[in-house]
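J.:
Protein chains: 2
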Amino acid sequence: MSATPVTTFAPLDLRSSPDDLTAALVDIPSVSGTEGPIADLIEVALRAEQRFQVERVGNTVLARTDLGRPTRVLLAGHIDTVPIADNVPSRRDGDTLHGCGTTDMKSGDAMLLHLAATLPAPSRDLTFVFYDCEEVEYDRNGLTRIQAEYPGWLVADLAILAEPTNGQVEAGCQGTAAVALTVRGRRSHSARSWLGDNAIHKSAAVLHRLSAFDARIVDIDGCEYHEGLNAVGIKGGVASNVIPDECTIQVNFRFAPDRSPQQAIAVLQELFADVELTVLDVAAGALPGLSAPAAAEFVAAAGGTAKAKFGWTDVSRFAALGIPAVNYGPGDPSLAHTREEHVSMSQIREMTEVLRGFLA
Amino acid sequence: MSATPVTTFAPLDLRSSPDDLTAALVDIPSVSGTEGPIADLIEVALRAEQRFQVERVGNTVLARTDLGRPTRVLLAGHIDTVPIADNVPSRRDGDTLHGCGTTDMKSGDAMLLHLAATLPAPSRDLTFVFYDCEEVEYDRNGLTRIQAEYPGWLVADLAILAEPTNGQVEAGCQGTAAVALTVRGRRSHSARSWLGDNAIHKSAAVLHRLSAFDARIVDIDGCEYHEGLNAVGIKGGVASNVIPDECTIQVNFRFAPDRSPQQAIAVLQELFADVELTVLDVAAGALPGLSAPAAAEFVAAAGGTAKAKFGWTDVSRFAALGIPAVNYGPGDPSLAHTREEHVSMSQIREMTEVLRGFLA
């Protein structure tokens, strides 16, 4: 009926407190694919600082210093969110800020943007990357394009992604493999079941082997990686009166990053040498890389300990490039993608000051 | 474009040999729902014998003697077939007659029709039932209507259904129960699998209990009933990165007819007392009833032994009415519903003579 209204947002004030800045960012909707307005505001605000070389690529905004410092730290945050669930604009309640993206990860973006404006003389050269489409397919992820077309922008001694870690440093991540195990039998009418060979019954042995798997807990650079081997799907059956001749079990293996994808698959092939195994997907883990000097200094500055990241994040992308990388950002990661997403405003301020201490 | 051609069939000659009569019946297509022409020809042929009270109900033809004999034998055959699969008209090859319905069950119908015409003075009163729509839903089955509207036509001391048994007497049948067993767990991200409780892994114990079930082999009236307890379907899984919180196993229990449906369900409820169990369907078996005098005499006439019928047939309907009932007809039942359906012509003639010996 009417044209889509054009909403105009106030310029971002990067010098406002990082919790106020978080609220301002949350109030600019930026579901994946619609990051134009928020990217415009970030670009304008960073160019206004005049101390950065700024580049705009699609809805990704890049900014870096060139101060000739001995080390360079890359600070990155995605600016998109999952779809809004009646939780924009933001809402304050005591120390808590509610709203879509409060955790994942506009509080992290606010921390980085605030530091960009308030660290006039950092001890390290800084590269800021505010990128789009992290919540959707890998090919649309802004970092994928930067890596392909502007690889020089990703060179650094340490990458810090401000994904939610609830105040911790999280490093590296597990690898993940998906395989299908197919157990075969022989059909018969269920009224003459002894003429068949029940593939579903035979699958019990496979399931037992999965649950009996001795999942390792591996310590690398002080981070503990818990492995896990699980059936995540099962399907079998022909008809209600037929002994089934096939049962397929979909298996997910989360493996510590001391195993390569090839080694992880070999573990499964050995465990199920007598079962038909199809590899559906395998993604490498990421070693924490905390023995690198810049990474070790950051861990020390952030309290001295790091823990393993469970899920895949863009940290793995940097690890694959040989760049030590960690996650460090406000908010409880288990709230990400929930309608109840919220963040502690004092935590945003505290983490910003920790990061300032490392970069100043 | 043109009107459907009206095919005219020659009258049935019930005195021709039962194998020739089988071929004539096969050559009259009668897929379930289209039995009009074959029912017309059967009705005309039986009325021509003049020794029967004949009744036509839909496409079911009923005929009976009233000779005051001490016992009455009901002889029944369905006149419909499954869809034709390029196997009509019939084709002879040595002793073999090929074609749709040769086994299931126009050879049995031919045996009964030939005896109707060639047993002028039977030792028992006879009731013939040629009924439609046995191959489709129970509610369309011609016998269902007769049972509801003309129950007097089903009174007898023994019912013989000429379903294919390959020369044997088959009696009674297993009951069948379908239940769903739902195993529950707790979801978690597969990267933190130790926080969840894998319902698929837990299902292994249920599958093990199924395969370890001590299936009875029960002898009743000389018939052996093999019980069977089997998973016929399994389904579980949420997503490839989620520890599943639910796995459902569909179970089929074929039970000997010495158990009632209630007793069969109780067996399952006891075996799976700790699992969520939903009864999907249960159908009673049928006791062979061979201790009844007329049934025992028929078994003796047919060679002295009977075996258990595996699947459900209309025999169970008669058993439920308290009428001893057996299957006895030419053809290998495993050929029923196949494109390769065929029958031995000498077997048709031999079985007809056995049945004549019992009825004469």
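Protein chains in written order, with our numbering: chain P, 1085 to 1444; chain R, 1085 to 1444. Just so it is clear, CB atoms sit at the ideal spot from N, CA and C, and this is done for glycine as well. Only a predicted model underlies this, so the values are computations on that prediction, with no experimental measurement involved.
Can you give the Cα-Cα distance for residue 1377 of chain P and residue 1361 of chain P, rounded to whole angstroms?
T.: Going from the Cα of residue 1377 of chain P to the Cα of residue 1361 of chain P covers about 42 Å.
J.: How should residue 1412 of chain P be labelled, buried or exposed, when 16 other C-beta atoms within 10 angstroms of its C-beta is the threshold for buried?
T.: Classification of residue 1412 of chain P: buried, given that the 10 Å Cβ count is 16 or more.
J.: On the DSSP letters alone, give me the boundaries of the beta strand (DSSP E) that residue 1506 of chain P sits inside.
T.: Absent from the model: residue 1506 of chain P. The displayed extent of chain P is 1085 to 1444, so no value can be given.
J.: Name the chain P residues whose beta carbon is nearer than 8 Å to that of residue 1291 of chain R?
T.: The answer, in chain order, is 1284, 1285, 1287, 1288, 1291.
J.: Mind checking the region 1330–1352 of chain P against chain R and listing, in chain order, the residues whose C-beta falls within less than 7 Å of any C-beta there?
T.: Under the 7 Å Cβ criterion, the region 1330–1352 of chain P contributes 1331, 1334, 1336, 1338.
J.: Cβ of residue 1370 of chain P less than 8 Å from any chain R Cβ?
T.: Not an interface residue.
J.: Below 6 Å CB to CB, which residues in the same chain sit around residue 1279 of chain P once its five sequence neighbours on both sides are set aside?
T.: So the qualifying residues of the chain are 1272.
J.: Counting along the chain, where does the beta strand (DSSP E) carrying residue 1318 of chain P start and finish?
T.: Residues 1312–1321.
J.: Report the option in P/1421, P/1406, P/1383 whose CA atom is closest to the CA atom of residue 1438 of chain P.
T.: Among P/1421, P/1406, P/1383, the Cα nearest to that of residue 1438 of chain P is on P/1383.
J.: Any beta carbon from chain R within less than 8 Å of residue 1258 of chain P's own beta carbon?
T.: Cβ-Cβ to chain R under 8 Å: yes for residue 1258 of chain P.
J.: State the Cα-Cα distance for the pair residue 1086 of chain P and residue 1092 of chain P, rounded to the nearest angstrom.
T.: Low confidence applies to residue 1086 of chain P: its pLDDT is 46, below 50, so where it sits in the model is not reliable enough to give any reading.
J.: Are there three or more Cβ pairs, one per stretch, closer than 8 Å when the region 1238–1256 of chain R is compared with the region 1321–1331 of chain R?
T.: No: the two stretches stay apart, fewer than three of their Cβ pairs being nearer than 8 Å.
J.: Strictly by DSSP, which residues pair up with residue 1144 of chain P?
T.: Its beta-bridge partners are P/1141.
J.: Going along chain R in order, which residues have a C-beta closer than 8 Å to the C-beta of residue 1327 of chain P?
T.: The contacting residues are 1314, 1316.
J.: Show which residues of chain R have a CB atom less than 9 Å away from the CB atom of residue 1310 of chain P.
T.: 1275, 1276, 1277, 1278, listed in chain order.
J.: When the Cα atoms are used, what is the spatial distance from residue 1144 of chain P to residue 1306 of chain P?
T.: Looking at the two C-alpha atoms, the distance is approximately 34 Å.
J.: Can you tell me whether DSSP reads residue 1412 of chain R as helix, strand or coil?
T.: Correct three-state label for residue 1412 of chain R: coil.
J.: Beta strand (DSSP E) containing residue 1122 of chain R: first to last residue?
T.: Run containing residue 1122 of chain R: none in the beta strand (DSSP E); it sits in the alpha helix (DSSP H), 1120–1133.
J.: Does the structure place the region 1364–1374 of chain P close enough to the region 1245–1265 of chain P that three or more beta carbon pairs sit under 8 Å?
T.: Touching, per the Cβ criterion.
J.: Threshold first: 4 residues or longer. Then list the alpha helix (DSSP H) segments lying entirely within the region 1200–1246 of chain R, N to C.
T.: Within the region 1200–1246 of chain R, the complete alpha helix (DSSP H) runs of at least 4 residues are 1226–1233.
J.: Span of the alpha helix (DSSP H) holding residue 1434 of chain R?
T.: Taken as a continuous stretch (DSSP letters only), the alpha helix (DSSP H) holding residue 1434 of chain R covers 1429–1443.
J.: For residue 1428 of chain R, which residues in the same chain have their Cβ closer than 6 Å to its Cβ, ignoring the five residues on either side in sequence?
T.: 1179.
J.: Give the single residue among R/1293, R/1254, R/1277 whose Cα lies nearest to the Cα of residue 1265 of chain R.
T.: Taking only the C-alpha atoms, the option nearest residue 1265 of chain R is R/1293.
J.: Terminal residues of the continuous alpha helix (DSSP H) containing residue 1380 of chain P?
T.: That run of the alpha helix (DSSP H) goes 1377–1385.
J.: Going along the chain, which residues of its own chain have a beta-carbon closer than 6 Å to the beta-carbon of residue 1312 of chain R, five neighbours each way excluded?
T.: Closer than 6 Å at the Cβ level, and outside the excluded window around residue 1312 of chain R, lie 1299, 1338.
J.: In the DSSP output, what is residue 1397 of chain R paired with across the bridge?
T.: Bridge partners of residue 1397 of chain R: none, in fact.
J.: Hey, residue 1148 of chain P and residue 1212 of chain P: beta-carbon distance below 8 Å or not?
T.: The answer is yes: Cβ separation under 8 Å.
J.: Could you tell me which chain R residues have their CB closer than 7 Å to the CB of residue 1262 of chain P, listed as they occur along the chain?
T.: Result: 1324.
J.: Less than 8 Å between the C-beta atoms of residue 1168 of chain P and residue 1115 of chain P, yes or no?
T.: Yes. Within cutoff.
J.: In its own chain, which residues sit with a C-beta less than 7 Å from the C-beta of residue 1364 of chain R, not counting the 5 before and 5 after it?
T.: Closer than 7 Å at Cβ, skipping near neighbours: 1262, 1263, 1264.
J.: Would a check of beta-carbon distances place residue 1085 of chain P closer than 8 Å to chain R?
T.: Caution is warranted here: a pLDDT of 43 is assigned to residue 1085 of chain P, below 50, making its placement in the model unreliable, and the coordinate value is therefore given only provisionally. Closer than 8 Å: no.
J.: The alpha helix (DSSP H) with residue 1182 of chain P in it runs from where to where?
T.: First-last for residue 1182 of chain P: 1180–1182, but that is the beta strand (DSSP E), not the alpha helix (DSSP H).
J.: If the cut-off is 7 Å on Cβ atoms, which residues from the region 1394–1426 of chain P count as contacting chain R, listed in chain order?
T.: Correct list: 1394, 1395.
J.: Within 10 angstroms of its Cβ, does residue 1208 of chain P collect 16 or more other Cβ (buried), or is it exposed?
T.: Buried, since its Cβ has 16 or more Cβ neighbours within 10 Å.
J.: What is the residue span of the alpha helix (DSSP H) that residue 1289 of chain P lies within?
T.: Unbroken alpha helix (DSSP H) run through residue 1289 of chain P: 1283–1295.
J.: Does any residue of chain P bring its CB to less than 8 Å from the CB of residue 1302 of chain R?
T.: With 8 Å as the cut-off, residue 1302 of chain R does not count as an interface residue toward chain P.
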